[in-house]
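Taking mature numbering (1 follows the signal peptide of the UniProt record, and there is no 0), I'd label the letters of the sequence shown as residues -17 to -1, 1 to 1147. Backbone N, C-alpha and C define an ideal beta-carbon position, used for all residues, glycine too.
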Amino acid sequence: VWLSVWKGAVLLGGLAAAPSPYPGLRMKDVPVAAPSPSPAVPGTAWAFMQYWARRLEQEIDGVMRIFGGVQQLRKIYDDNKNLFEVKENVPRKLVEKVAGDIESLLAKKVRALKRLANAAEKFQKAHHWQDNIREEDIEYYDSKADTEYDDPDGEEIEREKSNSLKLEFTDDDNFKTKVNYSYAAVQIPTDIYKGSTVILNELNWTQALEDVFIENRKEDPSLLWQVFGSATGVTRYYPATPWRAPNKIDLYDVRRRPWYIQGASSPKDMVIIVDVSGSVSGLTLKLMKTSVYEMLDTLSDDDYVNVASFNEKAKPVSCFKHLVQANIRNKKVFKEDVQGMVAKGTTDYKAGFEYAFDQLQNSNITRANCNKMIMMFTDGGEDRVQDVFEKYNWPNKTVRVFTFSVGQHNYDVTPLQWMACANKGYYFEIPSIGAIRINTQEYLDVLGRPMVLAGNRAKQVQWTNVYQDALGLGLVVTGTLPVFNLTEDSSDRKNQLILGVMGIDVALNDIKRLTPRYNLGANGYVFAIDLNGYVLLHPNLQPQIINFREPVTLDFLDAELEDENKEEVSRPGTAFGAQDQYIDEVFRTYTWAPIKSTNYSLGLVLPPYSTYYIQANLSDQILQVKYFEYLLPNSFESEGHVFIAPREYCKDLDLSDNNTEFLENFIALMEKVTPDSKQCDNFLLHNLILDTGITQKLVDQVWKDQDLNTYSLLAVFAATDGGITRVFPNKAADDWEEEPEPFNASFYRRSLDNKGYIFKPPYRDAGYRGLDLENNTIGILVSTAVELSIEGKSLKPAVVGVKLDLEAWAEKFKVLASNRTDRDQLGTRRDLICVLIDDGGFLVLSNQEDHWYQVGKFFSEVDANLMSALYNNSFYARKESYDFQSVCAPEAPSNTGAAPRGVFVPTVADLLSLAWWTSAAAWSLFQQFLYSLTYSSWFQTEEVVGDGMEARETSCIMKQTQYYFSTVNATYNAIIDCGNCSRLFHAQRLANTNLLFVVADKPLCSQCESVKLLQAEVRAPPRDPNQCELVDRPRYRKGPHICFDYNATEDTSDCGRGASFSPSLGPPGRPRQLSFLSTSISMPVPGPVERERRPLRRLGDPQGAAPLSPPAAAKEEPGCGQGLPGRAGTGRVPRPRALPATRTWKSGVGVLRPRSPHPPRLFF
């Protein structure tokens, strides 16, 4: 098996040293027969490999020394050091300054925010409730009246009729859309009737906010969206602009936005328990699954959650055995696993509640340590499990219990109401799908009670994590402040309901502008994180989904390759930095400080060579003009083509992705202003002009004197920190594929981080068919950093390099990897494969012509057997990295629902159309129609889409395996063992490069083919297979420092309601529901006279409504859950539908018409 290499060595000739191709360069002697490191390998064969490697190293070094111009550029900088100063980056000072600047920016927004919140509370307190208010009495701009819906089916969408104000809009660069600064706009969720008394009163008093919005903008013209999100679902925002709807229907609800959730309550520890006994099978179980799905969407990253199902026993629905952070990834696992719940067995509430209390009492895990709650979904039962509450929760009642009666059934719900009232919670009914969204979010009103009662102590501004603005502003953070109801009832009791949340947006780009960028070098950067470790600022924060309804949560340890030193960024450390398909082991220093009055911390990352940087000092205007002329296109033919980095050199400069167009815009602007103009960034502009002159001198002193064709070079180039990339000759710019911004170019950043010469082949993924060498000239970049030492200060301000002609250098490689010279005519032995592979595992050069078309591919795609051997013998190590911000096409569902043929299947958009609800006849017809469709089609599909929208694209996780050199540096010989098909290979690192030289036998047969190593980016499974283990080792988080979960004066008597649908032909009632949703009270207040049950009392409600009173902790007393007079102790409560036709059922002020004893139920 050793004969192939031995024969190759003998047949290729003797060991006489070949003359150097470069006159004046002396090639060192190579021993004729060096001792072999392995006794199994002939010493002569090993000596040949050493000899060929030495020739390759010297060839590369010679070309770079002659054409790269490293030494000459150092001298140019030294000769012109009077034109610049070397400045120092002092990390601590930089961090403190930037943190202070960001603090000042946000403080201005806080002042406006507090002014708005105080005004809102004042306006609402002075407002007088109007029972007979009409829609035509309110003047406002309905943002959806002018909405242009993007209908994927191409159908014309009929707009809802509206008496909205008609406004004119003008384009505004700050908002990236058309706005009107004279008015605010109103958005009302589609599933809320905007003509209801509650909504009209809300619109009435919030109208006064417009004057405050306008006044705030006068004081601070940089303010962006000012928003009031009401607890009723109304959103009033300024300035006015038409609403943006992504589909037929607008399902935006401010109460489900991350900023509202954060501002409306303190962090939560939540355990959701779902009854999966046999009685909940079918439609009821489907409703429960959807309800849990929607409930999870009300949780933020500050919250912790677990979900369990129970019948006779309780068990978690997922692999999570304890509370886990309610981040996007964990919630996705819950949503998937909930769909697997199956109904069977009998109900044991005790098992479910004991499991939930045990979860909440587990102090050995990370959790929110604030609001604690249990959410139980069931169809009903008789057991009140009082003994469980006595054991775990009474008398302090630190855990709130919320109960949800789900589905249409005749079970007694009194025990469910009693559980909620006895444990400071609330009881809800979810009879059909239309009640899910509203009833799974209103528990936030209960959690907000202690915050409201705390008064000014709870008036603390909180800043959100990054998310996509719904109106197209891009990435923003929002400052939030809760708004409280300050009204009092007739007994002078404080109202304990939250009015809503006030928010002011700050664009992420406005914060970025306060951070240094270009004086930190290509690999230095500023980052900011919140208390959960999610990044606010980071170069790798680049979400690709626009208007995605989830916050942009990128963990700091996911933004970078994970390293143990980053778990606690407290000292200088070695880290891994990823550059496209490559990984470099680098040294970075981390410095950080808090941003006061916020939840953020700011950090600075610097490599050692970025401690110092150049600042141009071009006071000589004649010299400025001279250097600037080298940027003019008419100089390119003689001085080489110049690409300039697309930076914001001046305020009025139009940016463009086309560099030629950007250069034209830049030149046109510079004809109007000077480099010293106040509207320009003098640091950026002066450094750009200086580097233009510096690189032009390199052309004159080095490149013009060389014949590139003689040495098979396509181009030479230089790139600088100042933003100049000069490519010589000019014609080479036509094939230049690198980024015009050096700080984004892989060759530039990698050259700074690595010593020696960095080879970069043209990257080709596995699906690329091959290079077209006949019609195109393909080049390989070789680059190296220019390191200066000026007055003892070391820095790397530039990178220089050459572009090799692939075809010509492939022929040269044949000569160098043999004992021939250029004058020899002896053909190369074809039974040996000689290749150069870079540190990422990509093919750079080969002596096999059929490989030339695959240069740039991962080598496993070329020779899987050999690449596997290199990896298995530790020449390469690898890391798997994940991109959590990718976008993928939606996966096809495994099964879909189907309605009977010939029957139109309504979408959520069609079901929520308000046109049907305008007449009793339409109601009756639509009710019968939907009743026939509900069971047969609505829940046929197993997959539940939370918002009811069909996603055109979805967020996904992409996995990429990146390879890099291990610590093996020596020459290595090994056998790829495969019986009679075994292959011998020899591998050696080339000194001062990122290349591995490999010589191997050609494959003798196909039986030894290995499984290809994967490198290309692939879609990862929707859930991390190690996620269950990861939550047992949670990453550090600090958590919010404020918590409002208890107040001794809290009135817990208002603790339950039910919901059902009924057509309303008269004036709508007061509850915050749809126009066709009334509040049916199933439980009376104890006493000799039956009294009506009210929903949670909203702002402006008349005072004095009799609430429910919770029972005592340890004994049953008349109160929640007791029967009607005459039926005491039966535990039965008459259902609204069974009321005699002669009675009415009151809800709020509006009176609902009596229904027939057994009307058809509408499931919606």
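For residue i, does the count of other Cβ atoms within 10 angstroms reach 16, so buried, or fall short, so exposed?
| i | result |
| --- | --- |
| Ile1025 | exposed |
| Leu638 | exposed |
| Tyr1019 | exposed |
| Thr273 | buried |
| Leu605 | A small correction: the amino acid at residue 605 is Ile; Leu does not occupy that position in the sequence shown. Under this definition Ile605 is an exposed residue. |
| Phe281 | Here the sequence assigns Thr to residue 281, which means Phe is not the residue at that position. Flag for Thr281 reads buried. |
| His834 | buried |
| Arg432 | buried |
| His521 | buried |
| Thr329 | exposed |
| Asp567 | buried |
| Thr950 | exposed |
| His669 | buried |
| Lys407 | buried |
| Ser205 | exposed |
| Asp61 | exposed |
| Gln971 | buried |
| Asn492 | exposed |
Between residue i and the rest of its own chain, which residues show a CB-CB distance below 8 Å, the 5 nearest in sequence each way excluded?
| i | result |
| --- | --- |
| residue 1148 | No information on residue 1148 is available, as it lies outside the stretch -17 to 1147 that the chain covers here. |
| Phe619 | Val625, Asn713 and Ala716 |
| Asp362 | Asp258, Ser262, Val263, Thr267, Ser388, Val389, Gly390, His392 and Tyr394 |
| Glu774 | Val69 |
Closer than 7 Å by C-beta to residue i: which residues in its own chain qualify, once you throw out the five before and the five after it? Chain order, please.
| i | result |
| --- | --- |
| Ala957 | Ala852, Asn856 and Phe968 |
| Tyr426 | Phe385 and Tyr409 |
| Glu277 | Ile419, Arg420, Thr423 and Gly929 |
| Glu295 | Gly328, Thr329, Asp331 and Ala334 |
| Ala103 | Leu192, Phe211, Val466, Leu482 and Met485 |
| Glu471 | Lys477 and Asn478 |
Short of 6 Å in beta carbon distance, which residues of its chain neighbour residue i, apart from the five on each side in sequence? Order them along the chain.
| i | result |
| --- | --- |
| Thr678 | Ala701, Ile707 and Arg709 |
| Phe340 | Tyr375 |
| Phe293 | Ile256, Ala334 and Gly335 |
| Leu99 | Val195 and Met485 |
| Asp814 | Lys985 |
| Thr461 | Trp242, Thr447, Gly486 and Asp488 |
| Ala309 | Leu282, Asp286 and Val288 |
| Val24 | Below a pLDDT of 50, predicted positions are generally treated as unreliable, and Val24, at 42, falls in that range; the measurement from the model is reported next regardless. Counting only Cβ-Cβ distances below 6 Å, and skipping sequence neighbours, we find Asn956. |
| Met359 | Ile256 and Thr386 |
Using 8 Å as the threshold, is the C-beta distance between residue i and residue j below it?
| i | j | result |
| --- | --- | --- |
| Gln837 | Gln564 | no |
| Gln400 | Glu1033 | no |
| Glu1000 | Gln943 | yes |
| Gln190 | Trp226 | no |
| His624 | Asn713 | yes |
| Leu730 | Glu720 | First, the amino acid is wrong: residue 730 is Phe here, not Leu. No; because the gap between Cβ atoms is not below 8 Å, this pair is not in contact. |
| Leu673 | Ile650 | no |
| Gln203 | Lys91 | A small fix is needed here, since residue 203 is Asp in this sequence, not Gln. Yes. |
| Thr675 | Tyr596 | no |
| Ala297 | Ala223 | no |
Assuming residue i and residue j form a contact by the criterion Cβ under 8 Å, report the distance between their Cβ atoms to the nearest whole angstrom.
| i | j | result |
| --- | --- | --- |
| Trp208 | Leu456 | 7 Å |
| Ala36 | Leu973 | 6 Å |
| Tyr517 | Leu537 | 6 Å |
| Lys161 | Thr153 | 6 Å |
| Asn737 | Asn977 | 6 Å |
| Thr270 | Ile121 | Per the sequence presented here, residue 270 reads as Leu, with Thr not at that position. 35 Å between Cβ atoms; not a contact. |
Heavy atom of the ligand PLP less than 7 Å from the Cβ of residue i, yes or no?
| i | result |
| --- | --- |
| Pro1004 | Among the components modelled here there is no ligand, and therefore nothing to report on the ligand PLP. |
Please determine if the segment 240 to 260 and the segment 353 to 364 are in contact, where contact requires at least 3 C-beta pairs separated by less than 8 Å. yes
Assess contact between the segment 49 to 60 and the segment 683 to 690, defined as three or more Cβ pairs (one per stretch) separated by less than 8 Å. Is contact present? yes
Check whether the segment 729 to 748 touches the segment 644 to 664, counting contact only when three or more Cβ pairs, one atom from each stretch, lie closer than 8 Å. no
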